[in-house]
Amino acid sequence: MPLPYAQVGETRRIVSLHADEELKRHLMDLGFVIGERVQIVGTTKEGLILSLKGVRLALNRGLAHQINVA
149 MPLPYAQVGE TRRIVSLHAD EELKRHLMDL GFVIGERVQI VGTTKEGLIL
199 SLKGVRLALN RGLAHQINVA
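My numbering numbers the first residue of the sequence shown as 149 and each following residue consecutively.
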């Protein structure tokens, strides 16, 4: 399922990235790699607040929809 459909407080595992190669590389550089766990900390009008590898970051919904989690 796309990352934005996960609930606040859930921790999910990244299973795929659906983007062109340049965007995939950018997401991977940020730490969004297959198998990595990501926690949804909160939401904003524009996107999600996430915890990934112990770091909190904000990701807009458009980018978040490119990340599938299980």
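In this text, a Cβ means the ideal position worked out from N, Cα and C, and glycines have one as well.
> DSSP three-state call for L178: helix, strand or coil?
Replying inline: Taking the first residue of the sequence shown as 1, we reach residue 178 at position 30. It is coil, neither helix nor strand.
>> For V203, count the other beta carbons within 10 Å of its own beta carbon; 16 or more makes it buried, fewer makes it exposed. Which is it?
In response: On the sequence shown, position 55 is the one that residue 203 refers to. Flag for V203 reads exposed.
> For I162 versus V186, is the C-beta spacing smaller than 8 angstroms?
Replying inline: As a first step, residue 162 must be located in the sequence shown, where it is residue number 14. As a first step, residue 186 must be located in the sequence shown, where it is residue number 38. Yes, these two residues count as a Cβ contact at 8 angstroms.
> Fully enclosed by the stretch 163–212, which beta strand (DSSP E) runs are 3 residues long or longer?
Replying inline: 185–191, 195–200 and 203–208
> Since G179 and K201 are thought to touch, with beta carbons under 8 angstroms apart, how far apart are those beta carbons, to the nearest angstrom?
Replying inline: As a working note, residue 179 is residue 31 in the sequence shown. As a working note, residue 201 is residue 53 in the sequence shown. That pair is a contact at about 5 angstroms.
> Taking Cβ positions, are L151 and I215 nearer each other than 8 angstroms?
Replying inline: Working through the sequence shown from its first residue, we reach residue 151 at position 3. Working through the sequence shown from its first residue, we reach residue 215 at position 67. Going by C-beta atoms, L151 is nearer than 8 angstroms to I215.
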